[in-house]
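Numbering (the UniProt record's numbering), first residue to last: 1 to 239. Ideal placement from N, C-alpha and C gives every residue a C-beta, glycine not left out. Everything numeric in this text was worked out from a predicted model, so none of it was measured. This report refers to the structure that appears directly beneath it.
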């Protein structure tokens, strides 16, 4: 049974471990309690994972794109690798207010960053360098280095919902679907805004690796269904 094998894999990542006091809206995802700790029902986790993968598959097949959002330094490397393998945008830094809801301003800021980046490659000492404004440049680099397109994403994929409430609020305001890992201590207010919640122990780095690999495989398989003539020529060449 493939479902049983997947659940055994989830068990090995400690994905089922919740918090001592789960929030009221999370109760429907619980299996029960053990030693006063909430135990997440992995059958429901698996159902939610499949729903999320179906959404990602439909977006990629339609030539859409999603934005990966992570603010936990421990997961930076896996998120960056996943984004590069799948040709998607990512943010591994604190969410910038208005990133989705104030696109005109953000486009200008991003162009400013790109100009700074271009200047940093010039050898002429008389040319203004971004490192003359080093702190400002470094901040922009962290914010925009993973952004590949000016277009609004078709979906947000969030690793740590509790740390990204602003991203969730902005996506919800624009009616952008949200796939997010949700732990048992997520606030009821945030949980209601997440379109595709995945109940899980989001402190488990093993599960985050598993999740990212699953999304990566889903994207690659979906991209393989594109007609050959319509595949992008190279990374970053979106309209």
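CB contact flag (residue 56, residue 218, <8 Å) = Residue 218 sits close to residue 56, with the two beta carbons spaced by under 8 Å.
Would you call residue 226 buried or exposed, if buried means 16 or more other Cβ atoms sit within 10 Å of its Cβ?
-> Around the CB of residue 226, fewer than 16 other CB atoms lie within 10 Å, so the residue is classed as exposed.
Cβ-based neighbour list, residue 14, same chain, cut-off 8 Å, excluding 5 preceding and 5 following = Counting only Cβ-Cβ distances below 8 Å, and skipping sequence neighbours, we find 201, 204, 206 and 207.
Whose C-alpha, out of 152, 6, 51 and 35, is nearest the C-alpha of residue 181?
-> With distances taken between Cα atoms, residue 181 lies closest to 51.
Cβ atoms of residue 178 and residue 195: under 8 Å apart, would you say?
-> Taking the C-beta atoms as reference points, residue 178 is found nearer than 8 Å to residue 195.
What is the rounded straight-line gap between the Cα of residue 66 and the Cα of residue 155?
-> Inter-residue distance for residue 66 and residue 155 is about 5 Å (C-alpha atoms, whole angstroms).
Which residue spans inside the segment 166-208 form an unbroken alpha helix (DSSP H) run of at least 4?
-> Under the rule that a run must span 4 or more residues, the alpha helix (DSSP H) segments found entirely inside the segment 166-208 read 188-193.
At what residue ranges does the segment 54-95 contain a whole run of the alpha helix (DSSP H), taking only runs of 4 or more?
-> Fully enclosed alpha helix (DSSP H) runs of 4 or longer: 76-86.
For residue 46 and residue 3, the rounded distance between their alpha carbons | Each residue's Cα considered, the two are about 8 Å apart.
Taking residue 162 as the reference, which of 141, 37, 95 and 209 has the closest Cα?
-> For the set 141, 37, 95 and 209, the Cα lying nearest the Cα of residue 162 is the one of 95.
Hey, how far is the Cα of residue 131 from the Cα of residue 113?
-> Note that residue 131 scores 49 on pLDDT, short of 50, meaning its location in the model is unreliable and no value can be drawn from it.
What distance in whole Å lies between the Cβ atoms of residue 184 and residue 26, which are believed to be in contact at a cut-off of 8 Å?
-> Right, the Cβ-Cβ distance comes to about 5 Å (below 8 Å), so this counts as a contact.
Whole-angstrom distance between residue 170 and residue 234, CA atom to CA atom | Confidence at residue 234 is low in this model, with a pLDDT of 44, below 50, so the placement of that residue is unreliable and no value is reported for it.
Can you tell me whether DSSP reads residue 106 as helix, strand or coil?
-> Helix at residue 106.
Continuous beta strand (DSSP E) stretch holding residue 156: start and end | Start and end: 155-158.
Alpha-carbon to alpha-carbon, residue 190 and residue 173 | When rounded, the distance between both Cα atoms is 13 Å.
Look at residue 152 and residue 100 and say whether their C-beta atoms are less than 8 Å apart.
-> Taking the C-beta atoms as reference points, residue 100 is found nearer than 8 Å to residue 152.
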